[in-house]
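Worksheet for the structure shown next.
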Amino acid sequence: MTILTLLMLALALAADAFAVAITAGIQLKQVTIPQTLRMAGTFGGFQFGMPIIGWLLGAGVYRYIEAIGHWLAFGLLALVGIHMLKEAWDHRKLEDGAPRPDRTDPTRGRTLILLGIATSIDALAVGLSFALIDIGIWLPALVIGIVCFGATACGMHLGRLVSAKGHLGDKATVIGGLVLIAIGINILREHGVF
Numbered sequence: 626m627t628i629l630t631l632l633m634l635a636l637a638l639a640a641d642a643f644a645v646a647i648t649a650g651i652q653l654k655q656v657t658i659p660q661t662l663r664m665a666g667t668f669g670g671f672q673f674g675m676p677i678i679g680w681l682l683g684a685g686v687y688r689y690i691e692a693i694g695h696w697l698a699f700g701l702l703a704l705v706g707i708h709m710l711k712e713a714w715d716h717r718k719l720e721d722g723a724p725r726p727d728r729t730d731p732t733r734g735r736t737l738i739l740l741g742i743a744t745s746i747d748a749l750a751v752g753l754s755f756a757l758i759d760i761g762i763w764l765p766a767l768v769i770g771i772v773c774f775g776a777t778a779c780g781m782h783l784g785r786l787v788s789a790k791g792h793l794g795d796k797a798t799v800i801g802g803l804v805l806i807a808i809g810i811n812i813l814r815e816h817g818v819f
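Numbering (the numbering used here), first residue to last: 626 to 819.
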């Protein structure tokens, strides 16, 4: 595998993470260095680790994971997206002047882990396919992880810039939730469900 092919693969795998990171940047409005490092590190870490796990599992479980991986990714993204929509709805129902509850920070806790898993399921499948065709995994996994780290960091700050251009308010959370659900639906489409 050439380095150009590997970079193209890494960029393709990072596309979902980039889109989710834009959504997170829009939702957060102000993106700090610790938030960037948490999300980029988690997404990059999952993108690094999942191909290795897939490669180690090898062909024995490939057909099982291939059959449900896209459904798992869709479910996780839809779960987080629906949570964001519910959060925006609850936020809007509050009376003006009432204290607003803190929004969920997508760079922390369960939400971050769910997003990390959801955006890296395809990398697991790549690792499985590399095992099937007897390609080493360490260099590809490292490149995939680094590219995803960079794409995630860029996406968060691009989302922050988009948010700063206008007063999106609760619309940002609604947009973010809908984008996550749309990414999940697109994953299903890419795998021939529709």
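Where is the CB? At the ideal position from N, CA and C, for every residue including glycine.
- If the five residues before and after I742 are omitted, its C-beta is found closer than 7 Å to the C-beta atoms of F671, L701, all from its own chain and listed in chain order.
- In the structure shown, R814 falls within a helical segment according to DSSP collapsed to helix, strand and coil.
- Of the candidates S754, I812, T661, I812 places its Cα closest to the Cα of L697.
- Counting along the chain, Q660 sits inside the alpha helix (DSSP H) bounded by residues 658–682.
- Around the beta-carbon of P676, 16 or more other beta-carbon atoms lie within 10 Å, marking it buried.
- Pairing M664 with G802 gives a Cβ-Cβ distance that is not under 7 Å.
- For P765, the enclosing alpha helix (DSSP H) has its first and last residue at 763–789.
- Spatial neighbours of D730 in its own chain (CB-CB distance under 6 Å, excluding positions within 5 residues in sequence) are not present.
- Here F673 is near A766, since their CB atoms are less than 7 Å apart.
- Taking the Cα positions, T736 is about 7 Å away from V705.
- Going by DSSP, I760 is part of no alpha helix (DSSP H) at all; its letter is neither H nor E.
- By the neighbour-count criterion, in which 16 or more other beta carbons inside 10 Å mark a residue as buried, V818 falls on the exposed side.
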